[in-house]
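S.K.: Dropping the structure in here first, questions after.
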Amino acid sequence: MIPGHKWLALLTLLASVHAFLATAGQPVAAEPAPTGLGAAVSNLFSQKVKLYLESLPEEQQQQLLQGLPPAQLADRLRPTLRFLYEDSYTIVTQHGFIVPELGELFVDEGSMLFGNISYVRSHSSEISFEQGLRLLLATLRSFDPTRFTTLLTAYPICRRAVTALLLERFLTSGNFSDSEGQLVLGISTRLFELHRQAAQTKRIVEFFHVSKSGGTSFCQLGRLNGCKTEGFDSHRNCLITYFRDHPRWTVADALPALSAATPGMREPWCARFGRQYSFKWHCRARRQHMTKNRFNIYANELVLHDQANLTGSGRSSWLGVHPCREFLNVVIFREPAERVVSHMYFDKESPEQWRALAVPVMDNYVVRSLLGGKVFNLPGGAINATHLLAAKIISLQFEVLLSLGSSTSNNNNNNNNNNNNNNNNNNNNNNNNNNNNNNNNNNNGSSTRNSSIGSSSSCSSNNGSSSGGSSASGSSSQQQGARELTRDIFGLGLGWPVDLRHLHARPTPQRPQFSDPVMAAVRQATLYDQDLYEFALVLQGLDAVVFGVAHDLAGAGGGGGGGGGVEESGRQEGGEGGDAGEGDEEVPGAASGGAASSSANGTFLGAFGGSAVGGGAVGGGGAKRKRPRRTCGYVGQVRRAVAAAASRAALLTAAPPPPPEAWLAALAQPLTLMLSDGQQVEVPLRFDTLGEREVAGGRWFNGTFFANSTEAVARAVAAAREAALVEAEALREERNAELQARHAVREKRVKAWGQVRGRLGADAVGGGGGGGGVRAGGGGLEVEAAGAAGAGMEAAGTGRGVGARGL
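Quick note, the sequence shown lines up with residues 1 to 807 if you use the numbering used here.
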């Protein structure tokens, strides 16, 4: 027989086993363990910072990559970061730059965000960084770009301002906590959603082609990603004939004079003549032409659009220049000295000849191009720091921005040199261009995807040559970083599964070597371009942070990420942009269910077949998937009719602005004014400087954000009452003065009419009595009565006559 205490122990054990079996496989209700999200976000920030450092010029890399402490890096970047989250908004306001994102449609949102950033920084000792992040996230979630327009803004200035603040905090204070990491994740996801939503409504990509900066490669990428334009051949290069945006590098009539002064000089192929700029095709007309012809990408290789000059307002030329808000704007920058050398490569002449022939080429070409036609044609040496400041503001407005660093250029050049060497060998053996390309692709071990790219551009890249997607052997970490940046910017910024990692269209073999004096002259002539280029490198790094966090950690869909971008567009019926015959096609050997890109190495599913690019393995087992239709990324994901219907439905179902709170309405009762004549006048209270809605429990008032909304309302009511009292007092004095003036006029008239009436009455009485006496004296009593009556009537008539004469 088992003792009682042993029975109790046995029953307790059985109960424990039953409870374990009953709860097995079910979620535990206890508090979850830390997820390590803060560490993941911090690691991604560190990775993107390293990519930024690797994109710098080589002489700066050697200094910064040798164990530079984050605090020193923060000191180095602080002027640029502060310019982004603080100075840029002030500069736009002070100089009157035309910035659509901060214009009439979205001015409240921009001012609210920059005000919140200023509040978080100025009250850092009072509120924690986590509270500041909650405030910024609530502000971004309150953005509603669909309120007034169907052409949304991607908020590129706001996006980079917030990310600059986050990066500064990371460099100065270290890693994020889990709660801070969650908020950073939410902020990045919201910014990415705003960007992608705007791209889908714009539906057209305008590529600002800075000459010799990868524009030919970008045009070919547009073709490979299913975009549509007038032509992708080397002659058109994504340019629209009617827009006349081809470059004009040379000065009119400069070539004949230079040829006469330099006998035997060969005419450079880049001598473009004609009118320097035409304002005929402004933004709205360009969109109408593109929409009419069903194009969704085009290039502009001249200058940016100057709406102020178009309207003849007479303002300074760079004030009205801005990218068209009707398009998704893309620009590629390149290291200025290398870009100028590319110009000189095609016709190697002295810098003096180039300076005489093509002033913009040798004198801060990028700054000139960004500031419109008038600045582009300024004489040499006329570009100054003010132009550079305006160019930075304009660069901030590009939704997608890529800066080709030395690592990117070297990577592409090395690949191109290898390909061209193979082509030369094949030329010697076969003397046939088609056989050369085929043999070259066989020598490089390229896949079918790379063969297609190489045949179209005569220069294929050997990145990702096998179906497993492994990169070429011997590639450096800098080259890998450059490929990851192109993934972040083009794959996630445009939604393109094919980017510059897979293509470099124009080979540059046997680049000539220039002497040190020539290179010194080139660098001296591009100082402002160099400053702008380094500024663009920071913008590129900030965009990589936002897109990388949203995609790699939050799982937001991107173009190269399989399920998020292109595959979603492929499920749209009748999606635009795909080539004929590029419909849904089953591809064997691919991961089932549409694999997403790897968050660790940023790989993508190949756009041609089932191969992956960059290190992600392809699932086997004979699984099949439908190859997505190529639809030019985000701008082609939604059909035009569907987008229009959605925008109309959004406008119809948009909720009206909420009414003011009841307690605020009670406090805002108008003042009642009692005038001296007994009348009452109501003076309303005005709350123009009070924010319309609460933001994270706070509210704006008179340019200052109050964390306590009640305090802001109380101050607003007090200020409104004080202003109303001043207005009421002024109104009271005005009305009283008016009443006094009227009373004085009335008294004057009464006094004047009283004298006249008194004189008229005396004359009437005297005239009647005299007449009666004379008449009465002539007869008896009866006659006297009659005479008195007649005399009275005569006297009255005489009196009226006298009175009339007197008046």
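Just so it is clear, CB atoms sit at the ideal spot from N, CA and C, and this is done for glycine as well.
In chain order, what residues of the same chain lie with their CB nearer than 7 Å to the CB of S173, ignoring the 5 residues before and after it?
M.R.: Counted from its first residue, the sequence shown places residue 173 at position 173. Result list for S173: empty, nothing under 7 Å.
S.K.: Determine the direct distance from the alpha carbon of R147 to that of H743, and round the result to whole angstroms.
M.R.: Locating residue 743 in the sequence shown gives position 743, where the first residue counts as 1. Locating residue 147 in the sequence shown gives position 147, where the first residue counts as 1. Using only the alpha carbons, I get a separation of about 54 Å.
S.K.: Quick one: using the 10 Å Cβ neighbour count with 16 as the cut-off for buried, is M674 buried or exposed?
M.R.: Counted from its first residue, the sequence shown places residue 674 at position 674. Answer is exposed; the Cβ neighbour count stays below 16.
S.K.: Specify the secondary structure class of L378 as computed by DSSP and reduced to three states.
M.R.: Position 378 of the sequence shown, counting from 1, holds the residue named residue 378. Coil at L378, not helix or strand.
S.K.: Can you tell me whether S173 is helix, strand or coil according to DSSP?
M.R.: Within the sequence shown, the letter at position 173 stands for residue 173. S173 falls in the helix class under three-state DSSP.
S.K.: CB R294 to CB K228, shorter than 9 Å?
M.R.: Locating residue 294 in the sequence shown gives position 294, where the first residue counts as 1. Locating residue 228 in the sequence shown gives position 228, where the first residue counts as 1. Yes.
S.K.: Start and end of the alpha helix (DSSP H) containing I117?
M.R.: Looking up residue 117 in the sequence shown gives position 117. Its alpha helix (DSSP H) spans residues V107 to S122.
S.K.: Going by DSSP, name the residue or residues bridged to N674.
M.R.: Here residue 674 is taken as the residue at index 674 of the sequence shown, counted from 1. Looking at the sequence shown, residue 674 is not Asn but Met. Answer is Q680, bridged to M674.
S.K.: Any idea what DSSP makes of F687, helix, strand or coil?
M.R.: Against the sequence shown, residue 687 aligns to sequence position 687. Of the three classes helix, strand and coil, the one that applies to F687 here is coil, per DSSP.
S.K.: Should D499 be labelled buried (16 or more other beta-carbon atoms within 10 Å of its own) or exposed?
M.R.: Within the sequence shown, residue 499 is the residue found at index 499, counting from 1. Counting Cβ neighbours within 10 Å, D499 comes out buried, since at least 16 surround it.
S.K.: Just the C-alpha distance for A482 and G493, rounded to the nearest angstrom, thanks.
M.R.: On the sequence shown, position 482 is the one that residue 482 refers to. On the sequence shown, position 493 is the one that residue 493 refers to. About 15 Å.
S.K.: Taking three-plus beta-carbon pairs below 8 Å as touching, is the region 329-345 in contact with the region 191-211?
M.R.: At 8 Å Cβ cutoff, the stretches touch.
S.K.: Hey, is E58 close to the ligand NAP, as in C-beta under 8 Å from one of its heavy atoms?
M.R.: Ligands are entirely absent from the displayed structure, and the ligand NAP is therefore not among its contents.
S.K.: Return the residue from the list T250, N296, D245 and I127 that minimises the CA-CA distance to H282.
M.R.: Sequence index remark: in the sequence shown, residue 282 carries index 282 (1-based). H282 has its Cα closest to that of D245, out of T250, N296, D245 and I127.
S.K.: I need the DSSP call for L402, collapsed to helix, strand or coil.
M.R.: Sequence index remark: in the sequence shown, residue 402 carries index 402 (1-based). Strand at L402.
S.K.: Going straight from the alpha carbon of A716 to that of Y119, what length do you get?
M.R.: Within the sequence shown, numbered from 1, the residue matching residue 716 stands at position 716. Within the sequence shown, numbered from 1, the residue matching residue 119 stands at position 119. Going by the C-alpha atoms only, they are around 19 Å apart.
S.K.: Would you kindly check if the distance between the Cβ of A719 and the Cβ of N708 is under 9 Å?
M.R.: As a position in the sequence shown, residue 708 is number 708, starting the count at 1. As a position in the sequence shown, residue 719 is number 719, starting the count at 1. It is not a contact, given that the beta carbons lie outside the stated cut-off.
S.K.: Tell me, please, which residues DSSP counts as bridged to I297.
M.R.: Numbered from its first residue, the sequence shown carries residue 297 at position 297. Per DSSP, V205.
S.K.: Candidates L113, I157 and F114: which alpha carbon is nearest V546's?
M.R.: The sequence position of residue 546 within the sequence shown is 546, counting from 1. Comparing Cα positions, the closest option is I157.
S.K.: Following the continuous alpha helix (DSSP H) through L73, name the residue where it begins and the one where it ends.
M.R.: Numbered from its first residue, the sequence shown carries residue 73 at position 73. Where L73 is concerned, the enclosing alpha helix (DSSP H) stretches over P70 to R82.
S.K.: If I measure Cβ to Cβ from R287 and keep anything under 6 Å in the same chain, skipping five residues before and after, which residues do I get?
M.R.: Walking along the sequence shown from the start, residue 287 turns up at place 287. The residues are E326.
S.K.: At what residues does the alpha helix (DSSP H) containing R141 begin and finish?
M.R.: The residue labelled residue 141 in the question sits at position 141 within the sequence shown. Segment F129 to R141, the alpha helix (DSSP H) holding R141.
S.K.: Looking at the strands, I want to know which residues DSSP matches up with F333.
M.R.: For the purposes of this step, residue 333 is identified with residue 333 of the sequence shown, where counting begins at 1. Answer is S403.
S.K.: Where does T710 land, buried or exposed, given buried means 16+ other C-beta within 10 angstroms?
M.R.: Position 710 of the sequence shown holds residue 710. Under this definition T710 is an exposed residue.
S.K.: Which two residues bound the contiguous alpha helix (DSSP H) that contains F535?
M.R.: As a working mapping, residue 535 is identified with position 535 in the sequence shown. It spans L527 to G548 - the alpha helix (DSSP H) in which F535 sits, taken as one unbroken run.
S.K.: Short check: CB of L152 to CB of L183, under 9 Å?
M.R.: Start at 1 with the first residue of the sequence shown, and residue 152 comes out as number 152. Start at 1 with the first residue of the sequence shown, and residue 183 comes out as number 183. It is not a contact, given that the beta carbons lie outside the stated cut-off.
S.K.: Does the Cβ of K748 have 16 or more other Cβ atoms within 10 Å, making it buried, or fewer, making it exposed?
M.R.: Taking the first residue of the sequence shown as position 1, residue 748 is located at position 748. When all chains shown are included, K748 counts as exposed.
S.K.: If we count the other Cβ atoms within 10 Å of its Cβ and call it buried at 16 or more, is H235 buried or exposed?
M.R.: By 1-based counting over the sequence shown, the position of residue 235 is 235. Exposed.
S.K.: Measuring CB atoms only, is the region 185-192 touching the region 97-110, in the sense that at least three cross pairs come out at less than 8 Å?
M.R.: Touching, no, given that fewer than three Cβ pairs across the two stretches are closer than 8 Å.
S.K.: For the beta strand (DSSP E) holding F701, just list the boundary residues, first then last.
M.R.: By 1-based counting over the sequence shown, the position of residue 701 is 701. R699 to F701 is the span of the beta strand (DSSP E), which, as asked, contains F701.
S.K.: Between R169 and the rest of its own chain, which residues show a CB-CB distance below 8 Å, the 5 nearest in sequence each way excluded?
M.R.: By one-based count along the sequence shown, residue 169 stands at place 169. If we look at R169 and ignore the five residues flanking it on each side, its Cβ neighbours are F129.
S.K.: For A544 and P100, I'd like the C-alpha separation in whole angstroms.
M.R.: As a first step, residue 544 is located in the sequence shown; it is residue number 544 there, counting from the start. As a first step, residue 100 is located in the sequence shown; it is residue number 100 there, counting from the start. The straight-line gap from Cα to Cα measures roughly 23 Å.
S.K.: Within its chain, find whatever has a CB closer than 7 Å to the CB of A391; leave out the 5 residues flanking it on each side and keep chain order.
M.R.: The residue labelled residue 391 in the question sits at position 391 within the sequence shown. For A391, where only same-chain residues beyond five positions count, the Cβ hits under 7 Å are V367, L370, L371 and L532.
S.K.: Just the C-alpha distance for A520 and L527, rounded to the nearest angstrom, thanks.
M.R.: Translated into positions along the sequence shown, residue 520 becomes position 520. Translated into positions along the sequence shown, residue 527 becomes position 527. C-alpha separation (whole angstroms): 11 Å.
S.K.: Return helix, strand or coil for F514, following the three-state DSSP convention.
M.R.: One-based indexing of the sequence shown puts residue 514 at position 514. F514: coil per DSSP, three-state reduction.
S.K.: Return the chain-ordered list of same chain residues with a C-beta closer than 8 Å to the C-beta of I117, the five sequence neighbours on each side being excluded.
M.R.: Locating residue 117 in the sequence shown gives position 117, counting from the first residue. Y85, E86, L136, A161, V162 and L165.
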